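Residue numbering for the sequence shown follows full-length UniProt numbering, beginning at 1 and increasing consecutively.
Where a beta carbon is used, it is the ideal one built from N, C-alpha and C, also for glycine.
Note that the structure is predicted; figures quoted are calculated from it, not measured.
Here the structure comes first, spelled out in structure tokens, and everything after it is commentary.
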Amino acid sequence: MPWTPPSPPRSFVYKTASGVPIELSLWLPAKPHPKSPSGAPVIIWFHPGSWVDGARGDISRVQVATALDAGWAFISADYRLAPQVKVKQQLEDAVDAIEWVRAGNLDKEGVDGKKLVVAGSSAGGLIALLAAHQLTEPPLAMYAVYPGCDLTLPGMRAKVKFPNVIAWEDVKGYLDPSGPVISSSPGNVDFTTFTPQGRTRAAFYLAQSGNPFEYILEAGEEVTPYDAKKHLKSWSRIVLIHGTEDKMAPYIISVQLDEALEKNGNEHLLITTKGDHGFDLLTDGDDEEGRKPFEQALEWLERFL
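Take a look at the structure:
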């Protein structure tokens with residue numbers, strides 16, 4: 001039987017932008033955290049989807065399960081999707097979501113919004129790492145899973161080959177910048193075959209074309225700032241999980257970020273697995289072996305409570 005959380009998530013609107021209510025969902029642990037009995041420490045996570053797809057419900061069950069079992073609350077936040085907005089606006093949404101939680105808006109639900117880790121996967125990893133460095137106060141730490149957090153890397157422009165070629169005709173409606181702004185489009189992909197459906201085809205089309213930037217950056221905008229290594233501060237603490245076989249966000253991204261953290265004197269940890277992109281989405285919450293990298297990440301995060 002697939003893993004299920006101890007209680008269903010609750011959803012909240014944290015802002016309205018472009019006329020769109022933008023929501024986040026909260027999962028609470030079954031038991032108090034031993035270091036934070038008055039309110040659970042919280043991980044706020046931003047979903048994958050190549051910036052053009054995805055929704056707060058596209059959670060990694062193993063990531064949520066390990067967090068809840070360790071006494072952490074888990075938040076998954078929507079953000080407006082490209083190309084109808086650009087990454088700059090997605091970062092604004094992420095900062096607003098984090099600050100909304102830190103302002104105590106969920107404390108009555110059993111969360112300690114001051115004890116907060118900023119997290120994300122793939123495209124959400126870039127959003128998480130850059131948003132964390134725009135906050136009024138540093139978070140406890142950052143936690144990224146196969147983050148696409150260096151758009152300057154040549155590998156981010158590589159044309160990825162998938163089992164089936166995605167035609168422009170199938171995605172042009174989703175990639176029309178003048179289309180309606182949305183903040184939620186649940187991912188629809190079989191990661192065993194890398195076969196997408198619906199708007200998720202647009203995300204795969206960008207990887208296939210090797211030219212995502214015209215859809216996610218503003219006209220004439222430099223790609224240079226979209227490299228997490230360039231934003232490191234003395235307080236930056238980051239744990240990374242990345243698979244060596246990743247086709248869509250090359251493993252070298254996390255290796256280079258980890259090396260930069262070491263050079264900068266930051267606290268850091270890179271946890272390496274053998275998985276491809278989305279490996280955790282194929283792992284259930286009670287998979288003992290699959291839980292290990294996420295349990296290791298949480299053990300590392302515990303040091304900062």
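Quick one: residues in its chain with C-beta nearer than 8 Å to the C-beta of residue i, no 5 flanking neighbours on either side, listed in chain order?
i      : result
Gly290 : Val62, Asp280, Thr283, Asp284
Gly265 : Ser234
Val13  : Pro21, Ile22, Glu23
Leu140 : Pro41, Lys115, Leu116, Val117, Arg237, Leu301, Phe304, Leu305
Lys31  : Gly71
Going by DSSP, name the residue or residues bridged to residue i.
i      : result
Lys233 : Answer is none; Lys233 lacks a bridge partner.
Phe74  : Trp27, Ile43
Ile22  : Lys15
Ser36  : His33
Val189 : Pro196
Phe54  : Position check: residue 54 holds Gly in this sequence, whereas Phe was assumed. DSSP output for Gly54 lists Ser185 as bridge partner(s).
Excluding sequence positions up to five away, which residues of its chain have a Cβ less than 6 Å from the Cβ of residue i?
i      : result
Arg201 : Ile166, Asp170, Val171
Pro29  : Ala40, Leu68, Gly71
So the alpha helix (DSSP H) residue i belongs to, where does it begin and stop?
i      : result
Ser254 : 252 to 264
Ala228 : Neither: Ala228 is in no alpha helix (DSSP H) and is coded neither H nor E.
Thr200 : 200 to 209
Val87  : 87 to 100
Glu169 : 168 to 171
Looking at the unbroken beta strand (DSSP E) that takes in residue i, where does it start and where does it end?
i      : result
Arg10  : 10 to 17
Lys115 : 111 to 121
Leu240 : 238 to 243
Val145 : 141 to 145
Ile182 : Where Ile182 is concerned, there is no enclosing beta strand (DSSP E), given that its DSSP letter is neither H nor E.
Ile271 : 268 to 273
Comparing alpha-carbon positions, which option in the options lies nearest residue i?
i      : options                       : result
Ser25  : His33, Pro37, Val101, Pro225  : Val101
Phe194 : Ile22, Leu106, Ala207         : Ala207
Val160 : Gly54, Asp96, Asp246          : Asp246
Leu151 : Arg56, Lys263, Ala17, Pro250  : Pro250
Lys114 : Ser121, Leu91, Ile98          : Ile98
Leu130 : Gln84, Leu232, Trp27, Tyr174  : Leu232
Gly179 : Ile59, Gln84, Tyr226          : Gln84
Ser76  : Pro225, Val223, Ser183        : Ser183
His268 : Pro177, Gln296, Ala103, Ile59 : Gln296
Met248 : Gly220, Leu261, Pro212        : Pro212
Ser50  : Thr136, Pro2, Tyr174, Leu106  : Tyr174
Lys86  : Arg10, Pro177, Ser7           : Pro177
Val145 : Asp286, Pro9, Leu270, Ser18   : Leu270
Asp96  : Thr272, Asp78, Pro34, Lys292  : Asp78
Gly155 : Asp258, Ser254, Pro6          : Ser254
Identify, in the order they occur along the chain, each residue of the same chain with its Cβ nearer than 7 Å to the Cβ of residue i, setting aside the five sequence neighbours on each side.
i      : result
Phe162 : Phe194, Phe204, Gln208
Ala158 : Gly210
Asp53  : Leu81, Ser185, Gly187, Arg199, Thr200, Ala202, Ala203
Tyr143 : Ile43, Val117, Ala119, Val239, Ala297, Leu301
Gln89  : Arg80
Query raised in the report: Below 8 Å, can you find three or more Cβ-Cβ pairs linking the segment 43 to 50 to the segment 121 to 139?
Result: Flag = yes, the segment 43 to 50 and the segment 121 to 139 touch.
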